[in-house]
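Protein chains: 4
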Amino acid sequence: MSIGEADLRRTGRPRDPACDQAILRATREVFAEEGYAGVSVEGIAARAGVGKATIYRRYSTKAHLVVEAIRDGAAVEDFAPDTGDLRADLLTMMQPLASALRGENAKLLTTFAMERMRNPELAEEFNRSIIGRKREHVRQLVAGAAARGELRPGADVDLIAEALPAFLWHHAVYNLPITDDLLDRVLDLALR
Amino acid sequence: MSIGEADLRRTGRPRDPACDQAILRATREVFAEEGYAGVSVEGIAARAGVGKATIYRRYSTKAHLVVEAIRDGAAVEDFAPDTGDLRADLLTMMQPLASALRGENAKLLTTFAMERMRNPELAEEFNRSIIGRKREHVRQLVAGAAARGELRPGADVDLIAEALPAFLWHHAVYNLPITDDLLDRVLDLALR
Amino acid sequence: MSIGEADLRRTGRPRDPACDQAILRATREVFAEEGYAGVSVEGIAARAGVGKATIYRRYSTKAHLVVEAIRDGAAVEDFAPDTGDLRADLLTMMQPLASALRGENAKLLTTFAMERMRNPELAEEFNRSIIGRKREHVRQLVAGAAARGELRPGADVDLIAEALPAFLWHHAVYNLPITDDLLDRVLDLALR
Amino acid sequence: MSIGEADLRRTGRPRDPACDQAILRATREVFAEEGYAGVSVEGIAARAGVGKATIYRRYSTKAHLVVEAIRDGAAVEDFAPDTGDLRADLLTMMQPLASALRGENAKLLTTFAMERMRNPELAEEFNRSIIGRKREHVRQLVAGAAARGELRPGADVDLIAEALPAFLWHHAVYNLPITDDLLDRVLDLALR
DNA sequence: ACATAAGCGAGACGGTACGTCTCGTCTTCTG
DNA sequence: CAGAAGACGAGACGTACCGTCTCGCTTATGT
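Protein chains in written order, with this note's numbering: chain A, 417 to 608; chain B, 417 to 608; chain C, 417 to 608; chain D, 417 to 608.
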């Protein structure tokens, strides 16, 4: 709740939003150029024109900083359409993820996916900002289509629902090209 | 050349094979639990009851050490069958990966797969020891089957070849169960 | 001038005198127990229940703050008697220092005396508030007595004038007891 | 015992004595020029051409480093003569302290004297390297002389024994000159 | 048989980054 | 305006590793 948050810190000098942006921006730039190991908090501070304490006041850890920087720059939009046209709905839903995994933030996203495996609190955040309600919604779309007879009888609803993300992440993680028609081809394979 | 190598060091005290194992074992254990960043050469040396120089004599770098440790312990067997039965051949080929992703090395493998994204030195080794020649061989099996008319006309050879690893890794990374019939279901989806 | 000062600040909320005392008191306590390095402006603010700005509005610097705190709490009274009885006059003058070095402020004083060696800003203030005009006055008393023939011929005026403070500080610094008759014994030694 | 010490560290690469000297030397130089607050471990490391760890391996703390540096460069020689000539013996004993307090190390010594007041383990070291057996020995010399009738009857043995250090430290601490004849004058005052 | 050459455990070395703490300044809100 | 709160740039603190480098010792070979 914004009210609750405001209550927590209604006194003292407020944090400078310009610092927030300078820090996250510098972190993303260095991360993209040099990778995780190339990020040093000291270097980020210098590049952002900021004191180290100003960073540590926001992020307790280098890992935390990097993850938040990525999240800030790589959040994936989350639609939940249900037009009755399964193929179209799935395309609409997964297009943002495909774009993100293809763009300059691909490395950020896959790194984020990784970090979440060891850091449980990140797993939750990963769910919120990357997966969102997609997984469950996709399953419902597919199940609805199956119920309508839009799919062949005995179709594997769970597997079909998984197909798009599985292939997209597989391509991203293996540096295979995420071409414009990849989603079409996956849907061709999965939906018949 | 083994002869050349042997010539290079035919004198002096030979390296202790027990050290090799102690080092690689300790490295694997720490890596699986703490990830790449959690591995410290000093810690490995202590855990293996070995001097740091004994490690650096074998591996020039922490990255090198970790790569070799994983390769030594998590290499996935690499069959290249071609019986003419596509489904059976694919099952034979992917079974080792499925087992590996299900067994005690699952954490090691997924950590390796993910960690290689931020450490390019790991990436190449991952290709060599985990992927090996599988990718190309699977593609050839599927292409052969398509040529024989075993698949429906216009089947997406590349995508079919990718399906098993894509779903297996997706399950592993999202902690979904890798059940005994998962490969069957994926093959059902992909081959018809 | 108090009139001029009052003119400068006849508007707005007046400074809270309770803050002055709380700040100085907290500073003295911490300084006596932990020394100059142990004093942190942030800590003083917290201990005094005061904001940092409230301190810096009064004292431009940590050194300034500490100096004022000590001066406020440990100033040694400064008599300048000249009754013609050298021994009595010296006793009158040094009694306050002896008391101060024996009382609860002893630690404060010795710490101040020592700390001033590494912090030149403290040195000047120490001269002003602890030594004051005592040194010169004592010398004049002794010189006067010598001129009157109250001392043996050829008496070392400078050394006699120094004797009381030298022994008092030596006892204080070495934690030797500063007994009631110490001044008498020192005067016995010095004046005959 | 040197044997015991040797046992403690008979393995591994031995510490480089050149580092010891470079570190202590740099520390003394900076301390003399800038005072305690001006010493930074990082700066000492740079000036000595040494890594920070090489300093912290030897001295757990900045304070520890500074004190050892001073001790290494400012130890006062400790004679214990007893020729039967009180005045000569006292001169022989206190000359080294006078020299030290007059020389380039005066600031080091007085700062050391101060630091010992808050750091109990330093008090012991101060006793060992600066005071040594002087205090007790001086008292015995004076008591012996009194017993021999070399002093006037009723002489204040304790105070006489204290006189030289008291005046010497007083002069040092107050930046009064420690002239060549100061000891003579103090002895004149104290011994008659 | 014994000298040579290398392996080994231990740990010091010059660096670099970490995350913490304080300094003195600044910015906001409340009384 | 004063005061409480606390953010800000700067930079030192003490810790932990990295990859390199001695030490003194042990262990095979090759003459």
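For every residue, glycine included, the Cβ atom is placed at its ideal position computed from N, Cα and C.
Asked, Found
"Opening and closing residue of the alpha helix (DSSP H) in which Met510(A) lies", "Leu502 to Arg518"
"Listed by chain order, chain B residues near Thr526(A) by CB distance under 7 Å", "Met533"
"Inside the stretch 469-499 of chain A only - beta strand (DSSP E) runs reaching at least 3 residues", "none"
"CB contact check: Arg444(D) to chain C, cutoff 9 Å", "no"
"Alpha-carbon spacing of Ser418(D) relative to Ala504(D), whole angstroms", "Caution is warranted here: a pLDDT of 40 is assigned to Ser418(D), below 50, making its placement in the model unreliable, and the coordinate value is therefore given only provisionally. The straight-line gap from Cα to Cα measures roughly 36 Å."
"Nearest residue (CA-CA) to Glu450(C), options Lys523(C), Ala464(C), Ala514(C) and Leu598(C)", "Lys523(C)"
"Reduced DSSP category for Asn543(B) - H, G, I as helix; E, B as strand; rest coil", "helix"
"Chain A contact for Met510(B) (CB, 9 Å cutoff)", "no"
"Chain A contact residues for Ala606(B), given Cβ-Cβ distances below 8 Å", "Leu605"
"Residues near Glu632(C) in its chain [Cβ-Cβ closer than 7 Å; skip 5 each side]", "This structure cannot speak to residue 632(C), because chain C is shown only from 417 to 608."
"Any C-beta of chain D under 9 Å from that of Leu594(C)", "It should be noted that the sequence gives Ile, not Leu, for residue 594(C). With 9 Å as the cut-off, Ile594(C) does not count as an interface residue toward chain D."
"Assigned exposure category for Lys468(A) - 16 Cβ within 10 Å defines buried", "exposed"
"Glu566(A) in three-state terms, based on DSSP", "coil"
"Per-residue contacts from Phe447(C) into chain D (C-beta, under 8 Å)", "Per Cβ cutoff of 8 Å: no residues; Phe447(C) is ~11 Å from chain D at best."
"Simplified DSSP assignment, three categories, for Tyr452(B)", "helix"
"Three-state secondary structure (DSSP) of Thr526(D)", "helix"
"Euclidean distance between Cα positions of Thr443(C) and Asp600(C)", "35 Å"
"Closer than 8 Å at the beta carbon, the chain D residues around Leu567(C)", "In chain order: nothing, as chain D lies at least about 11 Å away."
"Reduced DSSP secondary structure (H/G/I, E/B, other) of Met533(B)", "coil"
"Nonlocal neighbours in the same chain, by C-beta distance under 6 Å from Ala579(B), ignoring five residues either side", "Val602 and Ala606"
"Cross-chain neighbours of Arg601(D) in chain C, by beta carbon under 7 Å", "Asp572 and Leu575"
"Residue environment, Glu520(B), which counts as buried when at least 16 other CB atoms sit within 10 Å", "exposed"
"Minimum Cβ-Cβ distance from Phe495(B) to chain A less than 9 Å", "no"
"Segment contact, 8 Å Cβ cut-off, at least three pairs: the stretch 537-551 of chain C with the stretch 564-575 of chain C", "no"
"Expected contact under 8 Å - CB spacing of Ile486(A) and Thr527(A) to nearest Å", "7 Å"
"Nearest to Ala490(C) (by Cα), restricted to the options Tyr472(C), Leu517(C) and Arg473(C)", "Leu517(C)"
"Under 8 Å from the C-beta of His586(B): neighbouring residues of chain A", "Glu578, Pro581, Ala582, Trp585 and His586"
"Beta-carbon spacing of Ile546(D), Ala562(D) below 9 Å", "no"
"C-alpha distance - Gly420(C) paired with Leu557(C), whole-angstrom precision", "Residue placement at Gly420(C) is poorly supported in this model, since its pLDDT is 42, which falls under 50; the coordinates are not used for a value here."
"Interface flag, Ala516(B) vs chain A, CB-CB below 9 Å", "no"
"Any chain D beta carbon closer than 9 Å to Ala490(C)", "no"
"Three-way DSSP call (helix, strand, coil) for Pro593(C) in this model", "coil"
"Cβ of Ala438(C) within 9 Å of any chain D Cβ", "no"
"Exposed unless 16 or more other CB atoms sit within 10 angstroms - verdict on Gly548(D)", "buried"
"Ser456(C) versus Ala438(C) - alpha carbon distance", "15 Å"
"Sequence-distant residues of its chain with Cβ nearer than 8 Å to Leu440(A) (five each side left out)", "Glu484, Ala485, Asp488 and Gly489"
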